[in-house]
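Notes follow once the structure below has been shown.
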């Protein structure tokens, strides 16, 4: 049987002082990035150079840029 997780099962304080990189801004990346942002987490979206999704990410209030930039100075 699948385990269902609830808000009390997670401690978002562990992510409050970190930058989380979400790679891609398709249906999954979009949803995960916005959920994290709405939870108060600092999110950057990693996209390939010239991606049309950079504008979409920026319109959603997220920083979007080339994938290499999202991993610079980040804990992976």
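Residue numbers (our numbering): -8 to 67.
Beta carbons: idealized from backbone N, C-alpha and C, even for Gly.
Three or more Cβ pairs closer than 8 Å define a contact, and the region 10 to 29 falls short of that threshold against the region -8 to 1. For residue -7, the number of other beta carbons within 10 angstroms of its own is below 16, and it is reported as exposed. When only Cα atoms are considered, residue 55 and residue -5 end up about 31 Å apart. Between residue 53 and residue 32, the C-beta spacing is not below 8 Å. Ranking 11, 39 and 38 by CA distance to the CA of residue 26 puts 11 first.
Taking all protein chains in view, the Cβ of residue 37 is crowded by 16 or more other Cβ atoms within 10 Å, so the residue is classified as buried.
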